[in-house]
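Q: This is the structure I want to talk about, given as structure tokens.
2 protein chains.
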Amino acid sequence: MARKREFDVDQAVDRAMDVFWRRGYAATSLQDLTSALGIGSGSLYAAFGSKEKLYGLALARYTSRNAAQLVAELESAKEVRPALRAVLMAMAEADLCDPDRGCMTVNAATERADDPDTAAHVSATLKLVESTIAGALERAQVRGELTADKNPAELARLLTTFIQGLRVMGKARAGREFVESAVDAAMRTLD
Amino acid sequence: MARKREFDVDQAVDRAMDVFWRRGYAATSLQDLTSALGIGSGSLYAAFGSKEKLYGLALARYTSRNAAQLVAELESAKEVRPALRAVLMAMAEADLCDPDRGCMTVNAATERADDPDTAAHVSATLKLVESTIAGALERAQVRGELTADKNPAELARLLTTFIQGLRVMGKARAGREFVESAVDAAMRTLD
DNA sequence: TCAATACTGGATTGATCAATCCATAAATCT
DNA sequence: AGATTTATGGATTGATCAATCCAGTATTGA
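So the protein lines, in turn, are chains A and B.
Once you know that position 104 of the first sequence is 172 in our numbering, the rest is easy, because the numbers rise by one and skip nothing.
Once you know that position 49 of the second sequence is 117 in our numbering, the rest is easy, because the numbers rise by one and skip nothing.
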């Protein structure tokens, strides 16, 4: 009954994610988006409604790609400690490879905390990270990987906070020596 | 020989700092600035040159107000541990009182890391925080406040990173319970 | 084959952007 | 006082902003 969409919506959200991730929300113009997505503004608005809604989809896409992977890796890990170290180092490595991006969740938290949708999404992501780490540490404790005197819930809050800081340091180009040393120190809190 | 400036430049920078701090760089319009500063755009450009330069002054003002105070408090502290806890809790408290602002250094790092001047300033601030904490921990170790098996340089990197994360969590409205617990866990790394 | 429908992207909209201009006003020097 | 110089702030500039419009096009069911 009607013409088919010529572009791939999923791919378009991926590309929008990349642009917003690098440039932030306010500094990204509609022209930036249409040229990155390879579509006209009419198509963009027909498909996504507004720049804000597209940002929301891009942020959700980022979360499902990254936070979800962190969760999966920690929950499927045989040994919690090396898995946690691997997760931390993977983030540090991501920032070393491409500091222009940093962590989109952190970028969203700092740039768009005043937007209720963004704030809610960021909050949910951080809670997910916290509870995943807490769960992993509880399992570690049961299995004797973590001594009984440790407090998994509290350590999870420390590590969740540390992760956000690690992304800030990465974006600020703190350098490999710094972030690796910081991760070492963070892992030592589990000893 | 010439007319005097009618507004107080220092006060104007303070006000610009507050606006940029809350809204970020890109989302702050010149109209936001002129109305907050109470001056016309002609005066603004005559005094500061451009929006970017005013932002640079505002960021420098923020640093000299905040990072410098952190340095002073840690260096004048009789006991390092309670001073460090006080510094961490003061930051957490600042975000609990006014989460719209967060930490301007973190905001600058995430929004404007691509600007060389901003990046350099942020980097210098973070190095100052790191070396101040490292120095304080070294003194603590000499005085027996910190056991000899600890590595002050590494702990300083952990704590510097933790601080940035704490500000992100604060801006994301993680709540008092969360940040206090995280600070407790962070302080425990010194035990 | 022909309506009906939805997608296309470039043109257009009115608002807003950072920055400059400029007539006026105040301050200092001779 | 008169000349010179700088500050003032509102008007103006041309660019750019997000969003809408629309003529043209592809797709489908009848």
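Beta carbons are placed, not taken as given, at the ideal position from N, Cα and C, and that holds for glycine.
Since the model is a prediction, treat every value here as computed from it, not as a measurement.
So B/G170 contacts chain A; which residues on that side make the cut at Cβ distance below 8 Å?
A: T178 and A181
Q: Counting only beta-carbon atoms, is B/A128 nearer than 7 Å to chain A?
A: no
Q: Compute the distance between the beta-carbons of B/L84 and B/L122, then report whether it is under 7 Å.
A: One point to set straight first is that residue 84 of chain B is Ala, not Leu, in the sequence displayed. A contact, by the Cβ cut-off of 7 Å.
Q: Does chain B have any CB closer than 7 Å to the CB of A/K72?
A: no
Q: Along chain B, which residues have their Cβ under 8 Å away from the Cβ of A/Q79?
A: Within chain B, no residue comes near A/Q79; the closest Cβ sits about 25 Å away, beyond 8 Å.
Q: Within the same chain, show all residues whose beta-carbon is closer than 7 Å to that of A/V174, passing over the 5 residues directly before and after it, in chain order.
A: Q232, R235 and V236
Q: Select from the region 210 to 236 of chain B all residues with a C-beta closer than 7 Å to any C-beta belonging to chain A, and list them in chain order.
A: E222, L223, R225, L226, T229, F230, I231, Q232, G233, L234 and V236
Q: So which of B/V197, B/K119 and B/Y130 has the shortest CA-CA distance to B/Y93?
A: B/K119
Q: For A/M203, which of helix, strand or coil comes out of DSSP?
A: The identity of residue 203 of chain A in the sequence shown is Gly, whereas the question assumes Met. Helix, per DSSP.
Q: So, at 7 Å on beta carbons, what are the nonlocal neighbours of A/V155 in its own chain, with the 5 sequence-adjacent residues on each side left out?
A: L138, E141 and L142
Q: What span of residues does the alpha helix (DSSP H) with A/N134 cover, start to end?
A: K119 to E143
Q: Using a Cβ cut-off of 8 Å, pull out every chain A residue sitting near B/K239, in sequence order please.
A: Within chain A, the C-beta atoms nearer than 8 Å to that of B/K239 come from A177, T178 and A181, in chain order.
Q: Going by beta-carbon coordinates alone, are B/T229 and B/A135 separated by less than 7 Å?
A: no
Q: Would a check of beta-carbon distances place A/S249 closer than 7 Å to chain B?
A: yes
Q: Starting from the beta carbon of A/L194, find every residue of chain B whose beta carbon is closer than 8 Å, and list them in chain order.
A: M237, A240 and A242
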